[in-house]
Structure formats: C-alpha cells, structure tokens
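All letters in the sequence shown, in the order written, are residues 88 to 436 by the numbering used here.
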Amino acid sequence: MFFCYVLFLIFYWSPAIVLQWGTYGMFDDAVPMWYKALRLIVPAYGLVVLARQPYYTPAHLLYFVFGAWCVLVSGDLATSVNVLVFCATLVIMKGVRIDAAALRRVILAALPFVYGMGLLEVFGVFVSAHTYGSELRVVSTFGGPNNAGIIFSSWALYFIIEFRNARRLRDLGHAAACVSFVVLTGSLSAAVALAACAFVLNGYLIVPAVLVVVPTFLINDFFMLKLSYLMATLNGQGETTGSFSDRVENVATIARVAGDNVVNLIVGSGLHSESDYLSVLGQFGVVGLILFICVLLTLPRSLFMLLGLLQSLVTPFFFSFPSFPLIALLAAGEVAAEARKRAPRPAPG
C-alpha cells in the first residue's frame, strides 16, 4: 500500500498536465471534479493509518481540533479538502513506519518518468499552463512550478545525503539532475530554500551547486524576469505584474480587513496569501494561526521539513498538493533512520 500511495502522490497531476486541463487548480478551472476528488485518497489512507494506531497522542487531538476549526470557519469546499489532506498527512507521517529501502525503491522507480516529463517540456513537446510565452517553467509531474521546485529540492538533498552515506556515483548524478530541474522550474522560493539547507548540511556544497546551477540558469529566463520585477518595484518604476507587488498588496489587504473588524481578526475573513502563515491568519484568524503554530511544533526536526518551512514563508507549501505529503514522508524517513541508529544493539549471544 505504501508503494502505491507514494506513486499516487508523484503522478497525481500527470494526466491533467498532459491533457492540458486548465492550470491544475482545485475547483476553479477545467479539471474534472471527479479527478480533483481523487486527492481524498490521502484522508482515506490517513484514516486507515489512524485505525491501526495502538494509542492516540495529544498531537492527534491537536490535528483534529485544528482541522475542525478550519472547516467550521471557512465553509469552503476547496479549503476544507486542503485542510483534510494536510491533517491526514500529519497522521500518516506519525503513524507509518518508513522503511529507508522501500522509500528509495519507489523514488528510483518514479525518477525516469519524472525526468522524462520535465524534458518533454524543455524540448517543447508539450507546454504546461505555467509556462508564459518564452519563459519556461517546468512542472514535470507535479502540477505547478513551486510544487515541482520544492519536491526536486527535497530529492536533491535526499540524494546528497545518500551519496554522503554510501558513496554511490548514481546518487550524485541524481542530485545534480534534481538541482538542474529546480532551476528549470523557475521557483525562487525553492531555490533559496535548497541553497540554505545545503549550506546547513555542508558549507562546501555551495561549490558543486554553482557548477550545476549556473549553466541551467543561463537557459532559463524566468529568474531574470523575476529580478526585473523586483528591481522595478524597488526603484518605483510604475506598477508591475510580478508576484512581488502582488504579495505586498495581499499582505496589506489582510492587515486592513483584520484591523477593521475584531471578528475577522479572531475567526478570519477568508482572505488568502502566498505565505502559509498569513494565509492561515487571513482564512482562520488568530485562533487558527495559534493552532497552526502548535501543529508545526509537532513536526519532526528534519532537514527536509526545514526546507518546506523556508518555502512556506513566501510560497504555499503546507496546503499544496503533493509537495507537503511527499516531503513529509522524506522527513519521517530521516527521523526513523536516526532512531534506528540510536537504538541499542542486542548483546552478542
């Protein structure tokens, strides 16, 4: 079941991408409703995992309270599904014992198809809905460039760690390929998060990373487009259509609405933001934000989770599909591996 679950997460968006079904959003485009509803497989799997638990912890109660609060105050179907998937992912992460060998097998089995989908975009065989004119933004099998960017970032870190432990050249090659695809996604938040986590892992990693990033950077104009938006905003050269000005305006709107009405501040006003924390505040109020922070404190102390936490500051991560469910498995696997290393070995007979 675990093998099929991971493959489902990796390839969920592939038919929508190939068939050009809208922009792969939740309920606001041409993707058929039955297809969107398939992501409810995650809550269903979460219920199976929960039923197999020998006992429940305060963390399980916290997940239930947070999910119930969000569904109650939002009253929105898309938001409710996203919250259910988020809470189910937390349950799965805590309840499934991740076997390192099984996780490696499923990732390696999927990689040829993931690489292939990305290369088809690079060579123009098909164009995703997130490529704007000549500005290439590869999504591979992951539905969106920020999703793809952070997932490729997590896999790059995974293979770097694997290479450090086992010295397999194949792992080093996969790490280099994943870093290249991070840049091809045009996701600045993923690239910055990856660079920060690589530095935390080993400061010397910045040297080989540059040798991979620079050539790929030169063939992808999207970073330059983002930089031009930023410079225009900083220099006050009129309005831009870039995401920088959009984010600033969005933050100001949330602050204004919350300040105008104490009820909006407490229970939320339904406003969304690119930042997960501001989005929770805007949609679910201060109560929701406090519960959300408490939920985050239950997450495993993992380099992979740090990667997602960094992206979530400016780009949706925790309520994005399938980035959080996939990276949660890597984080749980890392914690399980560390626990096995610390476990006392049986005395020789």
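The beta carbon of each residue, even a glycine, is placed where N, CA and C say it ideally should be.
These figures come from a predicted structure and were not determined experimentally.
Check whether residue i and residue j have beta carbons under 7 angstroms apart
i	j	result
R126	V170	no
A103	V93	no
F229	I238	yes
M180	A423	no
S161	Q370	yes
L378	F153	yes
N234	S389	no
H217	V209	no
L417	S274	no
A262	F246	yes
A280	V269	no
V367	L376	yes
P409	Y122	no
Residue burial classification, residue i (beta-carbon count within 10 angstroms, cutoff 16)
i	result
C157	buried
L190	buried
P199	exposed
P145	exposed
P141	exposed
Y132	buried
V201	buried
M120	exposed
E248	Here residue 248 turns out to be Ile, not Glu, going by the sequence shown. Buried is the call here.
G236	buried
F114	The predicted model places F114 with a pLDDT of 43, which falls under 50 and marks its position as unreliable; any figure quoted below should be read in that light. Answer is exposed; the Cβ neighbour count stays below 16.
M88	exposed
V168	buried
D447	The requested residue 447 is not part of the displayed model; the chain covers only 88 to 436.
F213	exposed
F411	buried
I185	buried
R255	exposed
E425	exposed
A253	exposed
L365	buried
I194	buried
V257	A quick correction: the sequence has Arg, not Val, at residue 257. R257 is exposed by the Cβ-count criterion.
G290	exposed
A155	exposed
R192	exposed
L159	exposed
Presumed contact (8 angstroms Cβ cut-off) between residue i and residue j, rounded CB distance
i	j	result
C265	L394	Contact flag wrong, Cβ pair sits at about 12 angstroms.
L288	L244	7 angstroms
A165	P130	With a Cβ gap of about 14 angstroms, A165 and P130 do not count as contacting.
V183	Y150	Not quite, the Cβ-Cβ distance comes to about 15 angstroms (not below 8 angstroms), so this is no contact.
M392	L386	5 angstroms
F95	I128	6 angstroms
A188	I97	In fact, because the Cβ distance is near 18 angstroms, the residues do not count as touching under 8 angstroms.
Boundaries of the alpha helix (DSSP H) in which residue i is found, first to last residue
i	result
E222	Taken as a continuous stretch (DSSP letters only), E222 belongs to no alpha helix (DSSP H), as it is neither H nor E.
E208	187-209
L149	145-161
A216	It is not in any alpha helix (DSSP H) - A216 carries neither H nor E in the DSSP assignment.
W242	232-253
M392	390-399
W121	120-123
V261	Correcting the residue type first, residue 261 is His in the shown sequence and not Val. Note, H261: alpha helix (DSSP H), 256-272.
Y364	363-383
F405	From DSSP, F405 is part of no alpha helix (DSSP H); its letter is neither H nor E.
L164	164-182
Y99	Careful: Y99 lies outside any alpha helix (DSSP H) and carries neither H nor E.
V136	128-138
L275	275-288
Distance cut-off 6 angstroms: residue i Cβ against heavy atoms of the ligand GDP
i	result
V374	With respect to the ligand GDP, the structure offers nothing, as it holds no ligand at all.
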